[in-house]
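Participant: Take this structure first; my questions come after.
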Amino acid sequence: MPMPPITPSRRDLLIGSALMAAAPTPSTAATPVTGTPPVPPQGPRKTLGMVVFEGFELLDVFGPLEMFGMINDRVDTVLIAEKAGPVASRTGPKTIADVSFADAPKLDIVMVPGGSGTRREVDNPAFLGAMKRLAEATPQVASICTGSGLLAKAGLLNGVRATSNKMAWQWATAQGKEVHWVPHARWVEDGRFITSSGVSAGTDMALALIAKLYGKVLAQWVADRAEYRWNEDASDDPFAAINGL
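Mapping the sequence shown onto the working numbering, position 101 (from 1) lands on 123, and the numbers just tick up by one.
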């Protein structure tokens with residue numbers, strides 16, 4: 023014998039209506055990231071030179087280069103070392119330096135990474151002298167991680183606010199007593215210098231530099247295209263406290 027249809031009570035209808043009202047509504051779909059930069063190139067192309075040396079940290083170099091590589095319609099990149107050719111990273115894989123310091127082109131930006139090799143290069147007068155001459159001739163100078171220790175040892179950061187890797191803080195800061203070291207910072211910008219904290223901080227710093235040079239819209243497009251969560255706050259540095267600073 024068929025069951026009679028169940029008629030919902032007024033109470034059931036009210037409960038159902040309340041639940042539907044409380045349910046989240048679908049959000050508007052985000053605009054997909056395209057392969058075309060949202061801001062067209064303006065002005066002359068820039069050249070970014072990344073310094074490499076035996077024992078450089080891989081992400082220090084290739085994190086920032088990946089960000090700038092997304093806008094290779096307006097920025098050329100070149101790897102620079104004491105001599106052109108293969109250069110081994112801290113963990114072993116090698117990169118190829120395009121040119122030596124002596125043959126480096128005119129740069130708009132120079133970046134100096136960190137890595138275990140910085141401990142050797144601070145005692146290499148030839149390297150420090152060549153790096154210093156290159157930096158002095160370049161409008162924008164950046165460092166990642168303990169690369170600021172190299173800039174400090176070369177005397178480039180005297181009187182400048184700067185930061186470095188928090189795990190290597192004591193070593194890095196010992197390279198320049200006249201530097202105004204900032205312990206709580208993801209990165210620090212002071213005039214033509216911009217220095218970042220350890221390793222991954224260089225990628226955040228690179229995006230901040232892109233925002234400075236080309237605008238926030240383009241920088242966010244670069245981060246989105248790389249599927250990277252950009253930490254835009256230069257003062258957001260939990261690693262200082264973790265390392266007792």
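C-beta: ideal position from N, C-alpha, C; glycine also.
1) Quick check on Gln-197: buried or exposed, where buried means 16 or more other Cβ atoms within 10 Å of its Cβ?
2) Put Leu-179 into one of helix, strand or coil per three-state DSSP.
3) Under 8 Å between the Cβ atoms of Val-73 and Val-132?
4) In angstroms with no decimal places, state the Cα-to-Cα distance between Arg-251 and Lys-128.
5) Tell me the DSSP secondary structure of Thr-195 in three-state form.
6) Does any residue of chain C bring its CB to less than 8 Å from the CB of Leu-101?
7) Should Ala-256 and Ala-184 be called a contact, given that it needs their Cβ atoms to be closer than 8 Å?
8) Going residue by residue through the segment 199-256, where are the continuous alpha helix (DSSP H) segments of at least 4 residues, counting only ones entirely within it?
9) Any idea if Pro-135 is buried or exposed, counting beta-carbon neighbours within 10 angstroms, 16 or more meaning buried?
10) Which partner residues does Gln-162 have in the DSSP bridge list?
11) I think Gly-137 touches Asp-82, with their Cβ atoms under 8 Å apart; what is that distance to the nearest whole Å?
12) Determine the DSSP secondary structure at Pro-48, reduced to helix, strand or coil.
13) State the DSSP-derived secondary structure class of Pro-108, mapped to helix, strand or coil.
14) Which of the three DSSP states, helix, strand or coil, is assigned to Val-73?
15) What is the rounded straight-line gap between the Cα of Ala-245 and the Cα of Pro-108?
16) CB Thr-113 to CB Leu-70, shorter than 8 Å?
17) Report all residues from its chain with a CB closer than 7 Å to the CB of Val-61; omit the five preceding and five following residues, and keep chain order.
18) Please report the Cβ distance between Leu-179 and Val-201, rounded to the nearest whole angstrom; I am assuming they are in contact, meaning their Cβ atoms lie under 8 Å.
19) Buried or exposed for Asp-18, going by 16 or more other Cβ atoms inside 10 Å?
20) Hey, quick one: how far does the beta strand (DSSP E) through Ile-102 stretch, first residue to last?
21) Taking Thr-185 as part of the beta strand (DSSP E), name the residues at either end of that continuous run.
22) For Leu-121, which residues of its own chain have a beta-carbon under 7 Å away from its beta-carbon, when the five flanking residues on both sides are left out?
23) Just list the residues that DSSP pairs Ser-122 with in beta bridges.
Facilitator: Quick answer:
1) Answer is buried; the Cβ neighbour count reaches 16.
2) Coil.
3) Taking 8 Å as the Cβ cut-off, Val-73 and Val-132 qualify as a contacting pair.
4) In a straight line, the C-alpha of Arg-251 is about 32 Å away from that of Lys-128.
5) Correct three-state label for Thr-195: helix.
6) In the displayed structure, chain C is absent; only one protein chain is listed.
7) Taking a C-beta distance under 8 Å as the contact criterion, Ala-256 and Ala-184 do not qualify as a contact pair.
8) For secondary structure counted as the alpha helix (DSSP H) over 4 or more consecutive residues, the segment 199-256 holds these complete runs in sequence order: 223-236, 238-247.
9) Around the beta carbon of Pro-135, 16 or more other beta carbons sit within 10 angstroms, so the residue counts as buried.
10) DSSP, once it has assigned bridges, lists Ile-131 as partnering Gln-162.
11) The pair is a contact, with the Cβ atoms about 6 Å apart (cut-off 8 Å).
12) Residue confidence for Pro-48 is low, a pLDDT of 47 falling below 50, so the modelled location carries little weight; the figure read from the coordinates is stated next. In the structure shown, Pro-48 sits in coil (DSSP, three-state: anything other than H, G, I, E or B).
13) Of the three classes helix, strand and coil, the one that applies to Pro-108 here is strand, per DSSP.
14) Shown here, Val-73 sits in a strand according to DSSP, grouped into three states.
15) Counting only the Cα atoms, Pro-108 lies some 29 Å from Ala-245.
16) Cβ distance not < 8 Å, so Thr-113 and Leu-70 don't count as in contact.
17) Only residues of its own chain outside the window of five on either side were considered, and among them Tyr-236, Gly-237, Val-239, Leu-240 have a CB closer than 7 Å to the CB of Val-61, listed in chain order.
18) Between the beta-carbon of Leu-179 and that of Val-201 there is about 4 Å, and that keeps the pair under the 8 Å contact cut.
19) As displayed, the chain neither begins before 23 nor continues past 267, which places residue 18 out of reach and without an answer.
20) Note, Ile-102: beta strand (DSSP E), 97-103.
21) In the DSSP annotation of this structure, Thr-185 is not part of any beta strand (DSSP E), being labelled neither H nor E.
22) Contrary to the premise, residue 121 reads as Val rather than Leu in this sequence. Val-100, Ile-102, Ala-106, listed in sequence order.
23) Looking at the DSSP output, Ser-122 sits in a beta bridge with Ala-103.
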